[in-house]
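Numbering (our numbering), first residue to last: 15 to 274. Beta carbons are placed, not taken as given, at the ideal position from N, Cα and C, and that holds for glycine. Note that the structure is predicted; figures quoted are calculated from it, not measured.
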Amino acid sequence: MNLERELKVAKEISLLAGKKIAEIYSESFDVYYKDDKTPLTKADLEANTIIVTQLKKEFPLYDIISEEDDERRVLSSEFCFIIDPLDGTKEFVKRNDEFTVNIALSYKGEVILGVVYAPMLNELYFATKGNGAFIEKNEIVKKIHVSKRTSNLKVLSSRSHHSKRFEEFKNLNDEKILQATKMGSSLKGCSIAKGEYDVYYNFGNKTNIWDTAAMEIVVKEAGGVFTDLNGKAICYDGKTLKNENGFMILNSMRNELKRE
């Protein structure tokens, strides 16, 4: 399947949205809270408008699922863009630079394209099915791959969703873990994809498909593992938006760690 046009457009749109996010980030901004108590800013909404408007213009027959339009639906097309216009709004509010623009494309429930752009780090990650994963920074494009570490593992945890479960998990696997680092947004998956870190477990059921779609294919095309906690593939057909069974990102199945 030739996805050159879809990838080109997704990369361009992510840069446009990232530019707007960076502009708002440099100013003072208000923070609102949704019904589920998650934060919302002008940057979320304006980035969403940019992405959705451009995708509808370029690919009018494709479906779109966005965090800012989060309704389950029966998809009318086999192709669906899954977007998180500002992944890591809590990090944006804290001004720690660890937030991203996520654009993914699924086909019959499987992600086949992903773009993750970190505007404050000037890092653009992208992948299409069967073609590897890449990072573009300062106009230089490099292919990325997960690490080969099987001991002295570098484990990631969420910066904004600290849990007792993670501490228990870390203690259970103390002999294999060299360090544990907190990080925000889809940068966790991208950092594993480029070999800087090795393992991330999300034990909750609060993430949604737009949180995982784009970074999933980046991880998998970089040679990594990305499944729910039962080892099953996450489905992106729009019938369910929640990742009910959590998820895990590994540099290798050999590094699936003890959970209880």
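Checklist line | Buried or exposed by the 16-neighbour rule on C-beta atoms within 10 Å, applied to Y47 | finding: exposed
Next item on the list: Put I97 into one of helix, strand or coil per three-state DSSP.
Entry: Correct three-state label for I97: strand.
Next item on the list: With DSSP as the reference, label Y131 as helix, strand or coil.
Entry: Annotated three-state conformation of Y131 is strand, per DSSP.
Notebook entry, point to check: What number of angstroms, rounded off, separates the C-alpha of N145 from the C-alpha of K22?
Noted result: 14 Å
Margin query: Going by DSSP in three states, Y121 sits in which element: helix, strand or coil?
Written below: strand
Item checked: Unbroken alpha helix (DSSP H) run spanning V155, endpoints -> Secondary structure note for V155: it is in no alpha helix (DSSP H), and the uninterrupted beta strand (DSSP E) holding it is I154 to I158.
Notebook entry, point to check: How about K190 and L271: are their beta carbons less than 9 Å apart?
Noted result: yes
Notebook entry, point to check: Do Y131 and L54 have their C-beta atoms closer together than 9 Å?
Noted result: Going by C-beta atoms, Y131 is not nearer than 9 Å to L54.
Margin query: What residue range does the alpha helix (DSSP H) around I223 cover?
Written below: I223 to E235
Next item on the list: Work out the CA separation of L255 and D98 for me, nearest whole Å.
Entry: The alpha-carbon atoms of D98 and L255 are separated by roughly 12 Å.
Notebook entry, point to check: In terms of DSSP beta bridges, what is P53 paired with?
Noted result: Y47
Check: What is the residue span of the alpha helix (DSSP H) that Y39 lies within?
Finding: E18 to Y39
Note to self: Quick check for students: name the residue ranges of the beta strand (DSSP E) that lie wholly in the region 156-208, counting only runs of 3 or more.
What the structure shows: 167-172 and 191-197
Notebook entry, point to check: Can you tell me the Cα-Cα spacing of N185 and A207, whole angstroms?
Noted result: 25 Å
Check: What residue range is occupied by the uninterrupted alpha helix (DSSP H) comprising T103?
Finding: T103 to K108
Check: Apart from the five residues just before and just after R109, which ones in its own chain have a Cβ nearer than 6 Å to its Cβ?
Finding: For R109, where only same-chain residues beyond five positions count, there are no Cβ hits under 6 Å.
Item checked: Under 9 Å between C-beta atoms of D188 and L264 -> Not closer than 9 Å, so no.
Notebook entry, point to check: Taking the beta strand (DSSP E) that T241 falls in, what are its first and last residues?
Noted result: V239 to T241
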